[in-house]
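Residue 716 is where the sequence shown starts when you use my numbering, and the numbers rise one by one after that. From the three backbone atoms N, C-alpha and C, an ideal C-beta is built for every residue, glycine too. Reviewing the structure listed below.
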Amino acid sequence: MLAVPILIFVLIGFFFLMVVLHARRTVGYLYCSAVVSTWEARLLSESKLLELAEVQRVEELRSSLGEAGYPLPGEDPAEWERALREASAARFAELLGMVPEDRVETVRRLLAREEIWNLKALLTSLHLGEPREERRKRLLPCPTLPPERLDMLASAESLEQLLEFLRGSEYFEVLSSALQDYQKEGLSPLLFALDRHYYSRLWEEVVGKKPQRSILLPLVGFEIDSLNLRLILRLKREGAPPERIDSLLVRLEPPYQLGEEILRALISAEDLRTCAELLSHTPYGRILSPLLPQLEAGDLFPLEKALEEEHLRLCRWAALTRPFTLAPVYSYVKRREAEVRNLHLLLRLKLEGAGPERVKELLVRVPGLEA
């Protein structure tokens, strides 16, 4: 009979230990999740975006955005985009300072996208032969790089000097290995090399961190698969040879939904209907099939928009169902990026005189918390 009380005490001790371990895992996310939830509530809802699309005059749109927390200084549209991106960079820097210490590297890897954006801007500026003042204007505050580092990179007067400044960093070998293709084909090999590096390293970070793997793997995996799918279809439409397409894809190890066999089959596919059949057993087939008539007419935008909206839906669902993880952080970053793109699109289309229906058609519908 003595064994029964002992067993009960052992079980109570075991459950108590599980509660303590769970509390230790979640307590670090309490403050971060609360702040991110507040930030998410301030993102523009779909109804607000559609309301902004109805605005007729650019000045009226700027005034509405100012009231919504997006003041746009000056009269230069380029400065408006810069202001939008600077506001996001500042928010992301705050975010990096809030996440639990053992998750900082994962979030830093996610936010390294801002480093890629700045490096692309520098490469483009050097390629075009712009003066240093113009190069510096292209750069934006980066939550993962100190301002003095950005200033030094902007002072490079040639691609070779920029590489010297990058020596010892993760980007030196990435760009050096693409130099030969740059000499033959121009700027695009350097830009694609940076994208491949960013997504490959992000995937390695997600796969290598077991506590967050099950949460982030489907979100990051969908994003990278979508990138590869869009790249394949766009380059096939442009008539690029299979070997060219193959060299630009982001290879994942282990793969997500699009493994090596299906990627090669998509590259070799004769038409879009064959691509749809190859994707029929994946989530991407469900998205692609209804859009075949538009895709066959040469319009890839509906598919790109549908893939982004589905990714945002997945992010929102993960954030709602797994609040004490990195899911809300990842979701907020992606939703904020989508919001900035939408606002830049709104401003550009209004400057071009586009009507409300055209604007609504092109906006990415970011799912709101109330949806």
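Proximity winner among Leu894, Ala1069, Val1081, Leu1060, relative to Ala793 (alpha-carbon distances):
Leu1060
In this structure, does DSSP put Leu973 in helix, strand or coil?
coil
Taking 8 Å as the threshold (beta carbon to beta carbon), is Ala908 in contact with chain C?
Protein chain content of the structure displayed is limited to a single chain, and chain C is not contained in it.
Where does Leu855 sit, in a helix, a strand or coil, going by DSSP?
coil
CB Leu1006 to CB Leu1022, shorter than 8 Å?
no
State the start and end residues of the unbroken alpha helix (DSSP H) segment that holds Glu1023.
1016 to 1036
Note down the Cα distance separating Asn833 from Glu1072, rounded to an integer number of angstroms.
34 Å
At the level of alpha carbons, what is the spacing between Arg772 and Leu1078?
18 Å
Taking the Cβ atom as the reference point for each residue, do Pro856 and Ala804 lie within a distance shorter than 8 Å?
yes
State the DSSP-derived secondary structure class of Leu865, mapped to helix, strand or coil.
helix
Indicate whether Leu950 and Leu825 have their beta-carbon atoms separated by less than 8 Å.
no
Are Val787 and Ala798 touching if we call contact CB-CB under 8 Å?
Before going further, note that residue 787 is Leu rather than Val in the sequence given. Yes, the Cβ-Cβ distance between Leu787 and Ala798 is below 8 Å.
Mind pulling the alpha helix (DSSP H) runs of 4 or more residues that sit fully within the segment 734 to 783?
761 to 768, 773 to 782
What's the call for Lys1049, buried or exposed, on a 16-neighbour Cβ count within 10 Å?
buried
Nearest to Leu776 (by Cα), restricted to the options Glu919, Gly1068, Leu1062:
Leu1062
Among Gln927, Ser915, Ser962, which residue has its Cα nearest to the Cα of Phe904?
Phe is not the amino acid found at residue 904; the sequence shown has Pro there. Checking every option, the nearest Cα to that of Pro904 belongs to Ser962.
Looking at Pro815: is its Cβ nearer than 8 Å to the Cβ of Tyr744?
yes
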